[in-house]
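*Asks:* Input: one structure, supplied below.
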Amino acid sequence: YLGTPKENPEGYRLSSVFPWLKGLPSHKLYLVHGIADDNVLFQNSVELMSALQNQGTQFRLMTYPGAKHGLSSPTQRKHVFHLIADFFQRQIAGDCASTCKESTA
């Protein structure tokens, strides 16, 4: 798709999420990463987590050991779909007051 950063530095610069992090509200982000992902390396997520932590943005994280980019196992997919539905219900659609307190405890 983008090739490598060396082959396509401008494409990577334009698609970076880092310029959009400032002002991102806490408790509205859930990162999901397959540890064996060879498309988006876990180190990329670590760099994102570090930037979020450095600016004080709270977020949640779920990793899937052995999973690649698409979470190909039916068990993993079911798990992540329940995770996403719960997150949307509690953090996005509902009032964050009680769940945000819970997530910082």
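Going by the working numbering, the residue at position 65 of the sequence shown is 68; the numbering climbs one at a time, nothing skipped.
C-beta atoms are modelled at their ideal positions from N, C-alpha and C, and glycine is treated no differently.
(1) State the start and end residues of the unbroken beta strand (DSSP E) segment that holds Gly14.
(2) Counting along the chain, where does the beta strand (DSSP E) carrying Leu34 start and finish?
(3) Which residues in the same chain as Ser29 place their Cβ atom closer than 6 Å to its Cβ, once the five residues preceding and following it in sequence are excluded?
(4) Given a cut-off of 7 Å, decide if Asn42 and His72 are closer than it, judged by their beta-carbon atoms.
(5) Going by beta-carbon coordinates alone, are Leu34 and Leu64 separated by less than 7 Å?
(6) Given this structure, state the Cα-to-Cα distance separating Leu74 from Arg80, to the nearest angstrom.
(7) What do you reckon, are the CB atoms on Gly69 and Ala39 nearer than 7 Å?
*Replies:* Per the coordinate set shown:
(1) Where Gly14 is concerned, there is no enclosing beta strand (DSSP E), although the alpha helix (DSSP H) it sits in stretches over Pro12 to Ser18.
(2) Tyr33 to Gly37
(3) Thr60 and Gln61
(4) yes
(5) yes
(6) 6 Å
(7) yes
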